[in-house]
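Chemist:
2 protein chains.
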Amino acid sequence: MPADWITTLDTPFLLIEKSKYLRNIERLYSRVDALGSVVRPHLKTLRSIEAARYLLKQSDSPATVSTLAEAESFAAAGYTNLLYAVGIAPHKLPRVAALMSKGVNIHILLDSERQADAVAAFGKEHRLKFSVFIEVDCDGHRGGLPPDSDALPDLARIIEKSGSTLTGLLAHAGESYNCRTEDAILAAARAECAAIKTAGERLRTHGYACPVLSVGATPTAHFADDLNGISEVRAGVFTTFDLVMKNVGVCRLEDIAISVVATVIGHNREKGWVFIDAGWMALSRDRGTAPQSEDYGYGLVCNLNGEPYENLLVTTTNQEHGIITLPPQSAFEVDNFPVGSRVRILPNHACATAAMHPQYHVLSEDGQGHELWQRIVGW
Amino acid sequence: MPADWITTLDTPFLLIEKSKYLRNIERLYSRVDALGSVVRPHLKTLRSIEAARYLLKQSDSPATVSTLAEAESFAAAGYTNLLYAVGIAPHKLPRVAALMSKGVNIHILLDSERQADAVAAFGKEHRLKFSVFIEVDCDGHRGGLPPDSDALPDLARIIEKSGSTLTGLLAHAGESYNCRTEDAILAAARAECAAIKTAGERLRTHGYACPVLSVGATPTAHFADDLNGISEVRAGVFTTFDLVMKNVGVCRLEDIAISVVATVIGHNREKGWVFIDAGWMALSRDRGTAPQSEDYGYGLVCNLNGEPYENLLVTTTNQEHGIITLPPQSAFEVDNFPVGSRVRILPNHACATAAMHPQYHVLSEDGQGHELWQRIVGW
Chain H
1 MPADWITTLD
11 TPFLLIEKSK
21 YLRNIERLYS
31 RVDALGSVVR
41 PHLKTLRSIE
51 AARYLLKQSD
61 SPATVSTLAE
71 AESFAAAGYT
81 NLLYAVGIAP
91 HKLPRVAALM
101 SKGVNIHILL
111 DSERQADAVA
121 AFGKEHRLKF
131 SVFIEVDCDG
141 HRGGLPPDSD
151 ALPDLARIIE
161 KSGSTLTGLL
171 AHAGESYNCR
181 TEDAILAAAR
191 AECAAIKTAG
201 ERLRTHGYAC
211 PVLSVGATPT
221 AHFADDLNGI
231 SEVRAGVFTT
241 FDLVMKNVGV
251 CRLEDIAISV
261 VATVIGHNRE
271 KGWVFIDAGW
281 MALSRDRGTA
291 PQSEDYGYGL
301 VCNLNGEPYE
311 NLLVTTTNQE
321 HGIITLPPQS
331 AFEVDNFPVG
341 SRVRILPNHA
351 CATAAMHPQY
361 HVLSEDGQGH
371 ELWQRIVGW
Chain L
1001 MPADWITTLD
1011 TPFLLIEKSK
1021 YLRNIERLYS
1031 RVDALGSVVR
1041 PHLKTLRSIE
1051 AARYLLKQSD
1061 SPATVSTLAE
1071 AESFAAAGYT
1081 NLLYAVGIAP
1091 HKLPRVAALM
1101 SKGVNIHILL
1111 DSERQADAVA
1121 AFGKEHRLKF
1131 SVFIEVDCDG
1141 HRGGLPPDSD
1151 ALPDLARIIE
1161 KSGSTLTGLL
1171 AHAGESYNCR
1181 TEDAILAAAR
1191 AECAAIKTAG
1201 ERLRTHGYAC
1211 PVLSVGATPT
1221 AHFADDLNGI
1231 SEVRAGVFTT
1241 FDLVMKNVGV
1251 CRLEDIAISV
1261 VATVIGHNRE
1271 KGWVFIDAGW
1281 MALSRDRGTA
1291 PQSEDYGYGL
1301 VCNLNGEPYE
1311 NLLVTTTNQE
1321 HGIITLPPQS
1331 AFEVDNFPVG
1341 SRVRILPNHA
1351 CATAAMHPQY
1361 HVLSEDGQGH
1371 ELWQRIVGW
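Protein chains in written order, with my numbering: chain H, 1 to 379; chain L, 1001 to 1379.
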């Protein structure tokens, strides 16, 4: 039986099952711990102080953020070890400096001479020592310098000459989201570690301590088998998982801790359509499962206990309408979903769906209680 | 030259050009006025009190909303004539009733006996007369009853027998977003009007006054050539337009009043990639132009004056990264977009992009001033 409040709270709303959330955290943390490294969780998925409490045991536990808005909010909540893992835009340095002046150990990321020069110039002008990571490209996914790039020691020189510190290197195996087999993920994890270790050794040969080697993406974090020499592992979506991660093979459907609760508001009997009050405003426009082995449309429909209906998908979304299409020869007809009844939708991409909600409704571990977690918004 | 604040405000941010915004409003309002009807603007695109001031001249000017959160916020701002144009879920009636008790003339929408029964029962129990619209299906797009459905007079009977009022009928030519020619849009507009007039005449034959016939979608609203007998026209995205509407043929690129300002944060020279700090968090995951005549990726890149670069698109988005891919044989190379420089991105779908931003930065009509409009969030 679902908790009373899940059947009465106004819809649509985002539901997090805390028992699954905590189990997912324990799974990754214990794995990385056993391999001798530590998790620097990426807080961008839920962007929530309340959610982060279960990830960060101490005020100086390492954390990753995707915006300065997050950094400022987590700093205000007392967290002091924050890696801003998006390439720094020079105009953002005053906000970084403001956090440093409050005692926050914020690390910035760069991969170009122009950025290094800007950091050096701002640091000199304001007598500030920034903590800098250089991004290393391990798979051609996005940014970063190849491990054998001559620019690596050049950037290190600019940073350290200006008085700032080259704290470490960062690699992100973003291509691992496209993996189809466990072997492929394991290979991506090994390549991610190999690339950053190669780059780290080169810098140390050049005389830079560069103490921190930071890797991670949710798939590689769960399949890496050797973290020797790797200082920390970043991962974000692992706390809730989603249908994309289920397709990649990192979790099972029953591990997904996030769903959207919606109410049936109408039918088109001829077409076998059930309308719900969760459109793309509640589910997001993310179609991350479209190119994967199993395309879940805009989400997989479950009953209020979170048990999936086989092959029942949200196939279309408008702003505030979702359409569930009953498949031909389905075991269901529209009257199985009367107006006023409720369903839960597992999302394609937890980060994107969570981003549509100003707050999250959390089912306590006892399966009844109701907590409210707030989302940090803006940039 | 762009206004100073556009070159210095932290990025990413959503920019609205007020001169275009007002011109788009004037275009539709004068057209509908000349055809003898009135616009009931759909406020879901920007969901902003400040934005609505230019659409609603009086406190009782007709308006459309997509959520009760909007209805409550616009009511608190003094607006009293609000059509909640999503099929009513029975559990939402207490919030509707609360608005009615404050003197708000809120209209609800339904198309099923179960909804009509719920409205009748709640109305009787609480001695409330709801103002009800029945949804009419004009093109098989989503919900509503066919104009010849016997359920139409059945629902009218349930509503009026319970003491509530059948205020009118609503049709939405949602399929017009898929039109490819002006002739096709005109045909959709005529079909939308014909369907609702047929349904209205049938109800009047059955003795129901059903005074209001409400039609509309942005394409049909701009191409309808005969609004005789049509009480009001709804449209939403027309205030800002977007790339989807440009492709449908309703506006030109230079009419688009909404864009996202982003900063260049890196390059991949080998691949011709320019990284910006606007990912799908700022642009949305909407790929509405993908099936259209011209696919704009995640948006069309412009300079800070809003002038588009030919064929320059945001081709990929991650959460806080956008990737602009320079086409082969492009007139540009990555050094034309140095780290720290800024671009503007025209979005596929204004409703989806606006939904990612808690506030909008508005360029005043003088081309210099800066206004801030707040977005209403949640449900």
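Built from N, CA and C at the ideal position, the CB exists for glycine as well. Quantities reported herein were computed from a predicted structural model and do not represent experimental measurements.
#1: Could you check whether the Cβ of H/Met100 sits closer than 8 angstroms to any Cβ belonging to chain L?
#2: Assuming H/Asn81 and H/Ser101 make a contact with CB atoms under 8 angstroms, what is their CB distance in whole Å?
#3: In its own chain, which residues sit with a C-beta less than 7 angstroms from the C-beta of L/Gly1229, not counting the 5 before and 5 after it?
#4: Tell me which residue opens and which closes the alpha helix (DSSP H) that L/Phe1223 is part of.
#5: Judging by CA-CA distance, which residue of H/Asp335, H/Thr8, H/Ser364 is the nearest neighbour of H/Arg23?
#6: Relative to the C-alpha of H/Pro341, which residue among H/Asp277, H/Asp117, H/Ala221 is closest?
#7: Should L/Asn1305 go down as buried or exposed, given a rule of 16 or more other Cβ atoms within 10 Å for buried?
#8: Decide if L/Asn1268 is buried, meaning its Cβ has at least 16 other Cβ atoms within 10 Å, or exposed.
#9: Pick out whichever of L/Trp1379, L/Tyr1298, L/Leu1313, L/His1357 has its Cα sitting closest to the Cα of L/Pro1012.
#10: Could you give the first and the last residue of the continuous alpha helix (DSSP H) run that contains L/Trp1005?
#11: With H, G and I counted as helix, E and B as strand and the rest as coil, what does DSSP make of H/Ser101?
#12: Considering only residues of the same chain and omitting the five flanking positions on each side of H/Ala75, which have a CB-CB separation below 6 angstroms?
#13: Using the C-alpha atoms, what's the distance from L/Ala1151 back to H/Glu254?
#14: Could you spell out the range, first to last residue, of the beta strand (DSSP E) harbouring H/Gly266?
#15: For H/Arg114 versus L/Val1339, is the C-beta spacing smaller than 8 angstroms?
#16: Are any of the Cβ atoms in chain L nearer than 8 angstroms to that of H/Asn318?
#17: So L/Phe1122 contacts chain H; which residues on that side make the cut at Cβ distance below 8 angstroms?
#18: Do you know offhand how far L/Trp1373's Cα is from L/His1361's?
#19: Taking the alpha helix (DSSP H) that H/His126 falls in, what are its first and last residues?
#20: What residue does the beta strand (DSSP E) around L/Ser1214 start on, and which one ends it?
#21: Determine, using beta carbons only, whether H/Ala385 comes closer than 8 angstroms to chain L.
#22: Which residues of the segment 1246-1266 of chain L have a Cβ closer than 7 angstroms to any Cβ of chain H? Give them in chain order.
#23: With L/Val1136 and L/Ala1171 assumed to form a contact (beta carbons below 8 angstroms), what rounded beta-carbon distance in angstroms separates them?
#24: Quick check on the burial criterion: 16 or more other C-beta atoms within 10 angstroms. Buried or exposed for H/Ser293?
#25: Per the contact definition of three or more C-beta pairs closer than 8 angstroms, is the segment 1273-1289 of chain L in contact with the segment 1215-1227 of chain L?
#26: Should the segment 302-318 of chain H be called in touch with the segment 243-252 of chain H, which here means at least 3 C-beta pairs below 8 angstroms?
#27: Thinking just about the alpha-carbon of each residue, which of H/Ile49, H/Lys57, H/Leu43, H/Gly140 is nearest to the one in H/Thr67?
#28: Please check if any C-beta of chain H sits within less than 8 angstroms of the C-beta of L/Pro1328.
#29: Going along the chain, which residues of its own chain have a beta-carbon closer than 8 angstroms to the beta-carbon of L/Gly1174, five neighbours each way excluded?
#30: For L/Met1001, is the classification buried or exposed, using 16 other Cβ atoms within 10 angstroms of its Cβ as the cut-off for buried?
#31: Taking only three categories from DSSP, how would you classify H/Arg344?
#32: Mind listing which residues of the segment 1184-1209 of chain L have their C-beta closer than 7 angstroms to chain H's C-betas, in chain order?
#33: H/Gly174 by DSSP, collapsed to three states: which one?
#34: When the Cα atoms are used, what is the spatial distance from H/Ala111 to L/Thr1317?
#35: Buried or exposed for H/Asn348, going by 16 or more other Cβ atoms inside 10 Å?
#36: Here's a check: name, in chain order, each residue in its chain whose Cβ is nearer than 7 angstroms to the Cβ of H/Glu160, leaving out the five neighbours to either side.
Modeler: According to the structure data:
#1: no
#2: About 16 angstroms separates the two Cβ atoms, so there is no contact after all.
#3: Lys1197, Leu1213
#4: 1218-1223
#5: H/Ser364
#6: It is worth fixing the name first, because residue 341 of chain H is Ser in this sequence and not Pro. Among H/Asp277, H/Asp117, H/Ala221, the Cα nearest to that of H/Ser341 is on H/Asp277.
#7: exposed
#8: buried
#9: L/His1357
#10: 1004-1008
#11: helix
#12: Leu99, Val104
#13: 41 angstroms
#14: 258-268
#15: yes
#16: yes
#17: Near L/Phe1122 there are no residues of chain H at all, since even the closest Cβ is about 12 angstroms away, more than 8 angstroms.
#18: 7 angstroms
#19: 113-126
#20: 1212-1215
#21: Since the first and last residues shown for chain H are 1 and 379, residue 385 of chain H lies out of range.
#22: Thr1263, Ile1265, Gly1266
#23: 5 angstroms
#24: exposed
#25: no
#26: no
#27: H/Leu43
#28: no
#29: Asp1139, His1141, Arg1142, Ala1217
#30: exposed
#31: strand
#32: none
#33: helix
#34: Here residue 111 of chain H turns out to be Asp, not Ala, going by the sequence shown. Cα to Cα, H/Asp111 sits roughly 19 angstroms from L/Thr1317.
#35: buried
#36: Leu166, Tyr208
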